[in-house]
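For reference, the structure is listed below as structure tokens.
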Amino acid sequence: MKKTLLACLVMFTSFTACANEYQSISHATYADVEEDNLFHIETLYYFDARKALGPYNEFSYINTKSNIGAFYSDNEDDDTIGVHGEYFFNNFVAGASYRNSDSNWGDVDYYEASFGYLFTPDLIARIHYRDSDARGIDGSFYATAQYNLSLNTTDYVGFTASVDDEFDYLSLDTKYYAELGQGRYLTVNLDINAGDFDHWLLGSNYYFNEGLSVFASVNKSDDIQVGGRYYFNTNWALSGSYGTNLDSDFDYDMFQINLTAQF
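The following block contains the structure:
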């Protein structure tokens, strides 16, 4: 069994707190899991800059900036490439995405379109339609809604609900963001899926300052992940994580490293 050690991020550096704005965010990720490995790159461009809340990778819960993005993933069995975008006009938003998966089991194209309305800066709802050319799979509709509950001038709780047209799939994702003072921050995520697919995930990030953080997560299947992220400056970051399963019948070792560039 292939084993790897988690790269530790132990260096503390002071960062000056300021309102950093970014228009492009890109990631390059390499993951090693037992006999498999994954390489993934992605980039996202906003037509108007988004302001970081404090930590360089934390932004407002609801995005209202038009954007376009692309990604490519490659592992032992599957190559996937995709593009996506959203356009905001007045209080409306239209989105579309395309993804192609070329695997050992065939070549499949996936399509999705969405249309939504921004009721307030803290509430947005969308209707989505997704389809593919996979044999035996019909297109389907689903709806999503996001709500941002401001607790004070800095802290919030965000909610994202999703349901399909037959109510077979229900999900609720929540995020708590808090400024702890002295340049420290905390986030807690709880994602719950119900219906035919029952699952949950709990995760958290603790920020020592705007550029240095540690994170951990656990899910219903007993998968756990721990890691850290370090920004060398306001534009470049490196993160590493280790994952495994607490059930001895399904345990594995996963090492992941990620390079982030944002400008």
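Residues in the sequence shown are numbered from 8 upward in steps of one, following this note's numbering.
Heads up, the beta-carbon is just placed ideally off N, CA and C, and yes, glycines get one too.
Of the residues Ser110, Leu219, Asp203, Leu197, the one placed nearest serine 211, counting alpha carbons only: The shortest C-alpha separation from serine 211 is found at Leu197.
Quick one: Cα of tyrosine 79 to Cα of asparagine 265, how far? 14 Å
Is it right to say tyrosine 94 is buried, meaning 16 or more other beta carbons lie within 10 angstroms of its own, or is it exposed? exposed
Mapping the DSSP letters down to three states, classify lysine 182 as helix, strand or coil. strand
Please classify glycine 165 as buried or exposed, where buried requires at least 16 neighbouring CB atoms within 10 angstroms. Here glycine 165 is buried. Its C-beta has 16 or more other C-beta atoms within 10 Å.
Where do the N-terminal and C-terminal ends of the beta strand (DSSP E) with isoleucine 48 fall, by residue? 43-58
Reduced DSSP secondary structure (H/G/I, E/B, other) of valine 17: Only weak support exists for where valine 17 lies, its pLDDT of 30 falling under 50; the coordinates are left without a value.
Would you say threonine 267 and tyrosine 259 are within 8 Å of each other, going by their C-beta atoms? Against a cut-off of 8 Å, the Cβ pair of tyrosine 259 and threonine 267 comes out as no contact.
Classification of asparagine 216 by the beta-carbon crowding that lies within 10 angstroms, buried from 16 upward: buried
Apart from the five residues just before and just after aspartate 175, which ones in its own chain have a Cβ nearer than 8 Å to its Cβ? Gly202, Asp203
My understanding is that serine 31 touches glutamine 269, with C-beta atoms under 8 Å, so please give their C-beta distance in whole angstroms. 7 Å
For valine 225, the nearest candidate out of Trp207, Phe239, Gly92 (CA to CA): Trp207
Check whether the segment 61-70 and the segment 42-50 touch, using three or more Cβ-Cβ pairs below 8 Å as the test. no
Could you compute how far the alpha carbon of tryptophan 112 sits from the alpha carbon of arginine 137? 21 Å
According to DSSP, glycine 123 sits in a beta bridge with which residue or residues? Val100, Arg133
Where asparagine 107 and tyrosine 117 are concerned, what is the direct C-alpha to C-alpha distance, given to the nearest angstrom? Straight-line Cα distance between these residues: approximately 6 Å.
Rank Leu179, Ala120, Gly190, Tyr192 by C-alpha distance to the C-alpha of aspartate 205 and give the top, closest one. Leu179
Under the three-state reduction of DSSP, which class applies to serine 139: helix, strand or coil? Reduced to three states, the DSSP call for serine 139 is strand.
Using the three-state DSSP reduction, which class does glutamate 83 fall into: helix, strand or coil? Correct three-state label for glutamate 83: coil.
Considering only C-alpha positions, which residue in the set Ala185, Leu51, Lys58 is nearest to leucine 7? Past the edges of the chain, shown from 8 to 270, lies residue 7, and the structure says nothing about it.
For a test of the three-state rule: what should DSSP assign to tyrosine 63, helix, strand or coil? In this structure, tyrosine 63 counts as coil in the three-state DSSP scheme.
Segments assigned beta strand (DSSP E), at least 3 residues, entirely inside the segment 142-222: 147-157, 163-171, 176-188, 191-202, 206-214
Between the alpha carbons of phenylalanine 262 and asparagine 98, how many angstroms are there, rounded? 42 Å
Counted within 10 angstroms of its Cβ, other Cβ atoms place valine 100 as buried (16 or more) or exposed: buried
Do we get a CB-CB distance below 8 Å when we pair glutamate 65 with the residues of chain C? Annotation note: the requested chain C is absent from the structure, which comprises a single protein chain.
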